[in-house]
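So the structure is just underneath, and the comments pick up after that.
2 protein chains.
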Amino acid sequence: MKSPGRAAREPQVMTRSMDEDRITGWLGARTPGGSRVLVGIGDDAAVLRPSREHTVVTTDMLVEGVDFRRDWTTPRALGRKAVAVNMSDLAAMGARPLFFTVALALPPDIPFRWVRELHRGLIDPASARGAHLVGGDLSRSEAGGVISITAIGESIGRRVIRRSGGRAGDLLYVTGTLGRSAAGLALLRAGRLRGRTAAEREALRAHHLPEARCAEGVYLAIHGFARAMMDLSDGLSTDLPRLCAASGVDAEIDPGLVPLFPAARRWGCDPLALALDGGEDYELLFAVPKARAPRLEKIWPPRLAPITRIGRLVAGSGKVWLAKDGSRRPLPRGGYDHFLSSVRPPTAPSVP
Amino acid sequence: MKSPGRAAREPQVMTRSMDEDRITGWLGARTPGGSRVLVGIGDDAAVLRPSREHTVVTTDMLVEGVDFRRDWTTPRALGRKAVAVNMSDLAAMGARPLFFTVALALPPDIPFRWVRELHRGLIDPASARGAHLVGGDLSRSEAGGVISITAIGESIGRRVIRRSGGRAGDLLYVTGTLGRSAAGLALLRAGRLRGRTAAEREALRAHHLPEARCAEGVYLAIHGFARAMMDLSDGLSTDLPRLCAASGVDAEIDPGLVPLFPAARRWGCDPLALALDGGEDYELLFAVPKARAPRLEKIWPPRLAPITRIGRLVAGSGKVWLAKDGSRRPLPRGGYDHFLSSVRPPTAPSVP
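As given, the protein sequences belong to chains A and B, one line each in that order. Be aware that the first sequence starts at 2, since it is given in the numbering used here, and climbs by one per residue. Be aware that the second sequence starts at 2, since it is given in the numbering used here, and climbs by one per residue.
Structure below.
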C-alpha cells in the first residue's frame, strides 16, 4: 500500500480495470494512524517514532486452502484472525503490540467489497489490540489468496519471556480453554458453517476469531511470574515439546487438569484429543517457578482469561509425558503440522 | 521459523514426511545474527535492541506466476531479489537496513535443496545490505510459492525523505540506468534464459539481481540534497505520477536526458519505452532544489551509482509530461501494474 491517497469513490470490483493505486489509496485513507506513526500507508515505507524498549517482531501468513477457506469464513473475520495470530506471538513474548504491515496476494476477480471487509477486519481494534496498520503490499495471485502479516511490538522494561527459560520443577500453566478452535474446525469440516447451539457457536467463534492473550502476556512479563512462555498455535502435543527442547527439560502433563471444551463430545469429538492435538487455540503456555505459583494463583486478575495449572517441567531433553497417579507415558506429537495436514481432510467426520 | 534448533542433518525433500520444525531448525541454525539481534529465529518473535532513530518499515511480496517463474530464475537469485526489492524501499526513504523477516508459502513437493538455496540468497550480504534475517513463517501452499518480506531499517539523524516533499522548480534525478530490467524480462519472455552476449547477460542480471541503492539513498538523506524520493519499481510513467501526486506538482521529463539501456534495441525493444514503462529497475527517483543541484553534481561520490538529471517539477497536480524544445505532451501511464499485466503475456516478442 505504497500509493498516494487517491481515496476517491469506492471501487466496485477488483478486476483488470481496477488499479493498485486506487485500491491502496482507498484503503490507506481509511486506516487510522497513531501518535507514534510518523508516516503510514502511502510512501515507500512507514516511519515510526523510536522507543527505549526492545523491538519485538513476528510474522505469520495465512494461505487459502491451507489456513482458511473463503467459503468457511467472512473476509472481516479472516482479517481479524490474520492480525490476532500475529498479536498472539507478541503476547507470547510478553510484548505490547504497536504496529503491523500486511502483504496481500489476491485473485484478480475477487470483489472489491471482499477486500474492503478484509481491511475492516485488519484494523478492528478488538483484534489489533492497539496496534496500527502502517503499510502493506498488494499483489495479484494466480491461485488462492495469501495474507502475510508482520507485527511489531515493544517490551515492557526491556524484559521479554523466551521459550528457553523453563527449569525442572517449574509448574506449567495455560490460559483459557484448549481444543475449542479444533472443535469449531470439526464442525466446519462436517459442513456445519453456522452453529445451531450456543456450544457450536462458541466453537466456531473460537476458530474464526481467536483472541490474542496480549493483556495476559504483558501481565506475566511485568510481574515476572513466567520464565518461559509461548503461544499454542499447533496444539499442546506439538508446541510443548518446542518449549521443552528450548529449555532443555521434559514436561509432565496431568490430563485430568487440562482445561477442556467438553461440549465437543456432542459432535463426536474427544475433548482431550482436541486439547492435546488440536491447533489454533492461541492460548498462552507458560512455566512458573514453583515458589511463585501460589502468589500467581492468588493475585491473578479476574478481568484476564483464567489460568490453569496442567503439569510441570522435569529433568529431561525435550519430551512430553502424560502423567497420572505416579505413572507416565509419552505424549505422541499429533498436533497440526503444515506439511502433514490441511483444512481439507480426505474424509469429513460425521455430525449429528 | 518459530521452532527450536533441531538443526540436525540436512533434509532431502520437503514432502509430507518433512516437518516444519526440521526445516526451520536447519535454516535458523544457518542464519547469522547481529549485535542488535537479542533473539533471532527460534522463538515466538525476534527481539531487537532499541535505537534513538526512527524505525522505517516496508513489506513487499513476490508471487509465483506474477512476479517470478521458477523456471526462469534460480532459488538463490530469487531470494536475493526478494530481499533487494524491500531494501530498495528503505533506500527510497534514506534509511539504513537493519533487519528483515520472511514468510514463505511453498508447494509441499518442492525439493529441500530449493529452499536451502533460496535461504542462501535471502542471507546473501550483497542483497541484504547489512540487514539480518530475524524471523519468519513457513507454510504449505496449494498452488505456487509466495515470498513475503518485511524489512526494518532506521533513519539517520531522524531524517527521512518522503515522496511528498517535492516543490515546483526542483530538478528530477535518477540513479543508474532505466529499462535494463525490462530488457532482461523481454529476453526471458522470448525464451532466452541465458544471455549469449555481454549486453544480454547484463539485462538478465539486472532483472534477476536488482541492486538496492541503499548507499545512494543514505547519502542523499545525510547531505540533505533530496527533498522527495521514491524507488522505481513499476516504471517511471507509473511511479513518477505517484511522487507528483504526493508532492502536489506536475513533472516534465526530457526524453533525451533519460539514461537508457540502448543495447535492448538489438533484441527488438525500444530503449526509451523500456525506460519509461518498464518496471523493476529499483533505481532511485528524487527531487533536488535547483540551487542545490550544482553542488550535488559536483560532490557526488564516484563509488556510488551515477546520477542523471532527467527533468523538473513544475506547478500542477500529479501529471507527467514529456517535454522537449519548449513543447510538451502528456506521458501516458504505461508501467507495470499488478492487476493489469503479468510475467506471462499472451504473446511473446520475437528475439533475433
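Glycine included, C-beta positions come from ideal geometry on N, C-alpha and C.
- Counting other Cβ atoms within 10 Å of its Cβ, LEU194(A) stays below 16 and is therefore classed as exposed.
- At least one beta carbon of chain B lies nearer than 8 Å to the beta carbon of VAL161(A).
- In this structure ALA85(B) is not in contact with TYR220(B), their Cβ atoms being roughly 18 Å apart against a cut-off of 8 Å.
- Shown here for VAL321(B): same chain residues with a beta carbon closer than 6 Å to its own, the five before and five after excluded, namely LEU241, PRO242, ALA252, LEU332 in chain order.
- The contact set of SER318(A) on chain B, defined by CB atoms closer than 9 Å, is empty, because the minimum CB distance reaches about 12 Å.
- When the alpha-carbon of PRO272(A) is set against those of SER182(A), ILE153(A), LEU233(A), THR59(A), the nearest one is in SER182(A).
- Assignment of ALA191(A) by DSSP, reduced to helix, strand and coil, places it in the coil class.
- Contact with chain A is found for ASP90(B), since one of that chain's Cβ atoms lies less than 8 Å from the residue's Cβ.
- Interface annotation for the segment 32-53 of chain A against chain B: LEU39, VAL40, GLY43, ASP44, ASP45, ALA46, ALA47, VAL48, LEU49, ARG50, PRO51, SER52, ARG53, criterion Cβ-Cβ distance under 8 Å.
- Taking ALA264(A) as reference, the option from GLU201(A), TRP27(A), ALA152(A) with the minimal CA-CA separation is GLU201(A).
- Judged by beta-carbon spacing, ARG329(B) lies beyond the 8 Å limit of ALA229(B), meaning their Cβ atoms are not closer than that value.
- ARG121(B): member of the alpha helix (DSSP H) spanning 113-123, first to last residue.
- In the displayed model, ALA227(B) falls within coil according to three-state DSSP, outside both helix and strand.
- The bridge partners DSSP lists for MET62(B) are SER149(B).
- By the Cβ criterion, the segment 143-159 of chain A is in contact with the segment 101-117 of chain A, since at least three pairs of Cβ atoms, one from each stretch, lie closer than 8 Å.
- Here DSSP, grouped into helix, strand and coil, assigns ALA246(A) to helix.
- Setting aside the 5 residues that flank it on each side, LYS325(B) is surrounded in the same chain by ASP255, PRO256, GLY257, each with a C-beta closer than 7 Å to its C-beta; the list follows chain order.
- Per the coordinates, the alpha-carbon of PRO260(A) lies some 6 Å from the alpha-carbon of LEU179(A).
- Beta-bridge partners of SER328(A) (DSSP): LYS325(A).
- Nearest Cα to ALA187(A) within the set LEU63(A), ALA274(A), THR75(A), SER36(A): ALA274(A).
- Using a Cβ-Cβ cut-off of 8 Å, ILE153(B) counts as an interface residue toward chain A, since at least one Cβ of chain A sits closer than that to its own.
- Chain B places a beta carbon closer than 8 Å to that of GLY145(A), counting this residue as a contact.
- With fewer than 16 other Cβ atoms from the protein chains shown falling within 10 Å of its own Cβ, ILE223(B) counts as exposed.
- Taken atom to atom, the span from the alpha-carbon of MET62(A) to that of ALA129(A) is near 16 Å.
- Straight-line measurement puts the Cα of VAL116(B) at about 25 Å from the Cα of ARG334(A).
- Only residues of its own chain outside the window of five on either side were considered, and among them VAL48, LEU49, ARG50 have a CB closer than 7 Å to the CB of LEU39(A), listed in chain order.
- A Cβ-Cβ contact shorter than 8 Å links LEU244(B) with LEU286(B).
- Taking C-beta separations shorter than 6 Å and ignoring five residues to either side along the sequence, the partners of SER149(B) in its chain run MET62, ALA104, following chain order.
- Cβ atoms of ALA96(B) and VAL64(B) stay farther apart than 8 Å, at about 25 Å.
- Here the alpha carbons of GLY170(A) and ALA316(A) stand approximately 8 Å from one another.
- If you look at ASP278(B), you'll find it in the alpha helix (DSSP H) that goes 272-278.
- Interface with chain B (8 Å Cβ-Cβ cutoff): SER142(A) is included.
- Neighbours of VAL135(A) across chain B, judged by C-beta separation under 7 Å: VAL58.
- Scanning its chain for C-beta atoms nearer than 7 Å, with the 5 sequence neighbours on each side dropped, one finds no residue around PRO303(B).
- For ALA93(B), a Cβ of chain A is located within less than 8 Å of the residue's own Cβ.
- A residue is called buried when at least 16 other Cβ atoms come within 10 angstroms of its Cβ; GLY192(A) does not meet this threshold and is exposed.
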